[in-house]
Amino acid sequence: MSEAAIELVGINKSFGPVHANKNIDLNIKAGTIHGIVGENGAGKSTLMSILYGFYQADSGEIHVAGKPVAITSSNHAIALGIGMVHQHFMLVQNFTVLENIILGAEREALLSSSISKARSELKRLEKEYGLDVDPDSIIEDLPVGLQQRVEILKALYRGADILILDEPTGVLTPAEADHLFRILAQLRAEGKTVVLITHKLREIMAITDNVSVMRQGQIVATRKTAETTVEELAELMVGRRVLLHVEKGDARAGEVKLSVRNLTVVDSRGVKVVDDVSFDVRGGEIVGIAGVAGNGQSQLLETISGIRPAVSGTVMLDGRPIDVTGAADPGELRDRGLAHVPEDRHYVGLVLPFEEYENSILGYHDRPEYLNGPFLNIEAIRADAKKKISQYDIRPGNERLKTANFSGGNQQKIVLAREMEKDPGVLVIGQPTRGVDVGAIEFIHKRLIDMRDQGRAVLLVSVELDEIRSLSDRILVMFDGRVVGERSGEATEGELGLLMAGIDGKEAAE
Amino acid sequence: MDQAFVVLIQILDSTIRLSIPLMFACLAGLYSERAGVFDIGLEGKMLAAAFAGAAAAAVYGSAWIGLCFAVMVSVALALVHGFASITNRGNQIVSGVAINFIAAGTTVILGQAWFAQGGRTPSLSAETRFTGVHLPFAQELREVPIVGYIYYELISGHSMLVYLAFATVAFTWWVLFRTRFGLRLRAVGENPAAVDTAGISVTWLRYRAVICTGILCGFAGAYLSMGLGAGFVKDMTAGRGYIALAALIFAKWKPVPAMFACLLFGFLDAVSIRLQGSPLPIIGPVPTQLMQALPYILTVILLAGFIGKAIPPRAGGVPYVKER
Amino acid sequence: MSVPYAKLPAWADYGLIPLINVVVAFAVAGLVVLLVGESPVEAFTYLIEGAFGRGQNIAYTLYYATSFIFTGLAVAVAFHGGLFNIGGEGQAYVGGLGVALVVLALDGTFPWWVNFPLAIVGAAFMGALWAFVPAYLQARRGSHIVITTIMFNFIAASLMVYLLTTVLKPAGSMSPQTRTFLDGGQLPKLNFVFDWFGASVRSSPLNISFLLALVAAFLVWILIWRTKLGYEIRTQGFSPKAARYAGIGETRIVLVTMLISGALAGMMALNPVMGDANRLQLDFVTGAGFVGIAVALMGRSHPAGIIPAAILFGVLYQGGAEIAFMMPSISRDMIIIIQGLVILFAGALEHMFRPSLQALFASISPRSGAGEAAGQKGA
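Protein chains in written order, with the numbering used here: chain F, 44 to 553; chain E, 158 to 481; chain H, 316 to 694.
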């Protein structure tokens, strides 16, 4: 049993000046579940891409089942029995389950026999691992949990003995995640080896046998899961004690600033993505919206900030309605004191080819202080950008640099500085710290608390439950487009987790 | 026989002839665009193929050699488009436009240098063209009322490339939905990353699609100069490549609807030629220029109006870059 | 994430790479010259002689460049808004109608300096009008603007043939053109400028619209980089989602951008119609609308790049006439090939030489990649 399924020796990989993997040594035992944890950008995905033949290492050796191999393509990895379930599913959305499963593994030039063979093979796999899914459904009609199952089936169909899962639970509810873990345990029982890449320590503790911690491209420790603790792993991940709780005083909630009533939004396919949602946000409080990604939070944010029209419902800003079902315009809302930090800063919140100072006025570019009649007042804009750079410690401190050349954390600070500096009465903010380095996270969290303490209303959407819990005064949980529960900021993770799965805590207790 | 019936059959007959270049070009575009490579250069490939075909047929005295040259030249241009848009991840629209200009200029320059007839190729004799072939029993059934007449006038008597075009529609459907290549082709236009992680080369797959496009554009061009016409004339494609593209969008990138869309455009073309110079009932005389512009105007209207929401292949126009 | 290349210095990015692209385009064009059995070197000599040999030739070169500055700016403005306007040819053609209508009405009444501004408005208006329909269909109906603008080129050609053979043709005339404009419809020539340099130019079509083109280039620079509208156009061009987020209406920007683009293309007509031929005739645009695509790509959509690129194509048009005269097998159509090759190498293949050039620069100065390191990390 203790034979190595995969052994990595001295793996190095650089992308230009970025050293993504440094001298990686790793031994993954056959028939175990091996966790790899690390923060975003620690090099986990690069390492796994090397293992799956997507990239070639600059140096180092890979041994699979004891034999040295050079994995030059995904094909090669598949032939060696390595299967991968990617974070973003590698599925063709308008294909059936069956078509997705045979793609790349068709046995001959004509499809008919491959399809019938796949169909019977699929039945067998279903029985063996409890992975039931209708082979003829179209992928885009399936919930994400099932789509992920198709990804696992794809790997097993190709005869994978080693299954790599990259952040598999990011899109799952806690209940779906538990189901996934049962499947993984079943796979282990059948003798398969599982590599689980995640940044969630709870999952590591729940399911893995061994765990390796990555930080800044290196493996800093490997432990038996039973012999370590969450605290130790967390410290190894960031290199120092994490600030698990943000320092903040009690909220002094004032008047209602933002009031949402019976808001309903449908997407382009006509599906209700926000379903009859009502809530208030008062000045001086942070209201957090928790939920698994894809349960309507994004659309809710976009509707409130005037980007996406609603089909019905009302939104009041400072007691005056926003025309959310008609001509709501983000520019007009900004003038009325509603600032918006969008979830996607790369394509929404920023124009990456712009110089930094140009982004520092995006959405505020029609303010008189930046204009001389129809002309831009370049001097004033640059001076203003310089001021924000020093106030928000944006690095490098050069307003003429292309925005694409700033790191994720600094890009986020550019957006925050722009949205906060006009002193908005309401701040709507999505995923404030996604892809942001630890130092910047602390800074951003502190700023949000400051805003609250100055009496502003903050509506926060995040898929990071820890972030929601440590910042929010009240927490709303969204599931399937609806707000399924409201809790205080002190709610426990378990309580919220049930709600996020669409199960009302009280009902479950009965 | 009824005069109106005869006219109708004549119009339908010319509808078929006029829609063949569109059909080849439209199916050509289908392979490329289904694989995620936009191709506005159908026009240029068709034009270059028309020239190469007519020139080679004139020099070597064989329609078949002409066809071979047409296909070769068209495939070569398709590979240039592939090199720019697949290998170098360039802007696909820009690359297509470039190919159209290169073809437009080169055909005239070479035509003038080689044949010195103002950019034309020498007119081809019947032996060096793709002339009509008579289907079995056409002659015998000619006298059978209606059915026999339709068989003789409308169905029989076209060049072999006409029948090939219709066969290509069926073949394309079969390839797309019944073969491994078709499955992968459709997949790479929707989600190239899925294809890549399945161990299939996105680059090679897209190149193969682009080569298919080249081959079919070769047929389209060859038919223009050696079937429909009898030699190459400057700019003889006259925007057919773009109209084929519009037909492809109109047909939502599906082979059989593509055939009908091309027949529709061919029909409009046939009607407008038929009506040129003759006054319309009620409206009276219509300027020939309006009739000439009609296919282009209708293309604009069709693109703007009736297609509903045409969802192009999701990865269309986007060069594939491996994400870290 | 972008491929982490070493950064190139600005002069290489904006000077060297376009230069290499153009040189390669010419080299390939040289192969075509070889293919028709002529000497590329000889052809090149005729080209330079024809374009610069005497003051007269230079004047012609600049006359052609004038048209290309307008159409190049037209394509560039659309590019900034993320739109590909291939309809410059048709917009310029219809722009000529705007010029002719103004001049035919007023050339007997007012002097040229009154009619010129009015003709500018007429040309710009008609060009913008011809761009409006494709723009509207793109913004509201989702029609592919590339296909619709191409269709509008064909429609423009038919329309102009119809008008010139019926309505605009003087009674009794056989040729499809308007009457010759009176003095009030003729723009002054710029030949006297050459006298200052001691060159004498007997007759050349170079006229005052050349100066208008330079002014237009400056105004486009102001528009794109120094006005709120330009900021909005660029935001829309780079990222439609960011524009939506910033409260910039997509429909408005698409329409306004295309109207400006069409107006610039339409103004091209002033140069040949009012500046040279002094009448509206068939096919006076002679491909200038399409040349604009190559000019905009080569000039990287910046007026400072568009002017030299337009002059280069002016050289090709004027010098090309010389080549065609000396080498009958190389007609004006050679320019269309070069145009296509420039679009290919400066547009679709613009990054082909970048990696090797970056490697070269990295080997010369190892520090040139260091600046990128901070940016790449953690992004």
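No residue lacks a Cβ here, since even glycine has one placed at the ideal position from N, Cα and C.
Asked                                                                                                             : Found
Residues within the stretch 136–158 of chain F neighbouring chain E, beta-carbon criterion of under 8 Å           : Q136, N137, F138, E142, N143, I145, L146, G147, A148, E149, E151, A152, L153, L154, S155 and S157
First and last residue of the uninterrupted beta strand (DSSP E) at F/G53                                         : A47 to F58
Helix, strand or coil at F/D366 [DSSP, three-state]                                                               : coil
C-alpha gap between H/V657 and H/S458, whole angstroms                                                            : 28 Å
For H/V392 and H/S576, believed in contact at Cβ under 8 Å, the rounded distance                                  : 5 Å
Bounding residues of the alpha helix (DSSP H) (the contiguous stretch that carries F/D493)                        : V481 to D496
Rounded straight-line distance, which links the Cα of E/A182 to that of E/W221                                    : 19 Å
Residue-chain proximity (F/D372, chain H), Cβ-Cβ < 7 Å                                                            : yes
8 Å Cβ cut-off: residues of chain E touching F/M494                                                               : Simply none; closest approach about 34 Å.
Below-7 Å beta-carbon distance, H/S354 vs any chain E residue                                                     : no
heavy atom of the ligand FMN below 6 Å from F/I250 C-beta                                                         : No copy of the ligand FMN occurs in the structure displayed, which carries no ligand at all.
Bridge-paired residues (DSSP) for F/L503                                                                          : F/G331 and F/I472
First through last residue of the beta strand (DSSP E) which encompasses F/E298                                   : Per DSSP, F/E298 belongs to no beta strand (DSSP E) and is neither H nor E.
Spatially closest choice to F/E328 from F/E298, F/A371 and F/I79, by CA coordinates                               : F/E298
Three CB pairs or more closer than 8 Å across the stretch 133–141 of chain F and the stretch 204–221 of chain F   : no
Where the beta strand (DSSP E) through H/T495 begins and ends                                                     : Careful: H/T495 lies outside any beta strand (DSSP E) and carries neither H nor E.
Sequence-distant residues of the same chain with beta carbon closer than 7 Å to H/L572, five excluded per side    : Inspection of the sequence shows that residue 572 of chain H is occupied by Thr rather than by Leu. Excluding sequence neighbours, H/T572 sits near V392, A393, G396, L398 and I548.
Any beta strand (DSSP E) of 3 or more consecutive residues that is wholly inside the stretch 175–237 of chain F   : 205–209
Short Cβ contact (7 Å threshold) for H/W536 with H/P618                                                           : yes
Option nearest F/L503 by Cα separation, candidates F/E422, F/D523, F/G392 and F/H383                              : F/H383
Reduced DSSP secondary structure (H/G/I, E/B, other) of F/M127                                                    : strand
Within the stretch 251–311 of chain E, ranges of the alpha helix (DSSP H) (whole runs, at least 4 residues)       : 295–298 and 304–307
Proximal residues of chain E, C-beta to C-beta of F/M133 below 9 Å                                                : N348, A350, A351, V352, D353, T354 and A355
Beta-carbon spacing of E/T278, E/G398 below 7 Å                                                                   : no
Beta-carbon proximity list for F/R284, same chain, < 7 Å, skipping 5 on both sides                                : With a pLDDT of 46 at F/R284, under the threshold of 50, the modelled position of this residue cannot be trusted; read the value that follows with caution. If we look at F/R284 and ignore the five residues flanking it on each side, its Cβ neighbours are E278.
Spatial neighbours of H/A528 in its chain, beta-carbon cut-off 7 Å, leaving aside the 5 residues before and after : T381, I384 and F385
Residue burial classification, H/L706 (beta-carbon count within 10 angstroms, cutoff 16)                          : Here chain H covers residues 316 to 694 and nothing more, so residue 706 of chain H does not appear.
Within chain F, the residues that H/T273 reaches when beta carbons sit closer than 8 Å                            : With chain H covering 316 to 694 only, the question about residue 273 of chain H has no answer from this structure.
Candidates E/A212, E/A215 and E/P412, of which the one nearest E/F334 by Cα                                       : E/P412
Classification of H/E353 by the beta-carbon crowding that lies within 10 angstroms, buried from 16 upward         : buried
Anticipated Cβ contact below 8 Å, F/L168 with F/L199, distance rounded                                            : 5 Å
Beta carbon proximity, F/I365 to chain H, threshold 7 Å                                                           : no
Three-way DSSP call (helix, strand, coil) for E/Q167 in this model                                                : helix
Neighbouring residues, chain E, relative to H/V463 (Cβ below 7 Å)                                                 : Before going further, note that residue 463 of chain H is Thr rather than Val in the sequence given. Residues of chain E passing the Cβ test: V457 and L460.
Proximity of F/L561 and F/L196 at Cβ, strictly below 7 Å                                                          : Residue 561 of chain F lies beyond the stretch modelled for chain F, which goes from 44 to 553, so this question has no answer here.
Continuous beta strand (DSSP E) stretch holding F/A382: start and end                                             : L381 to V384
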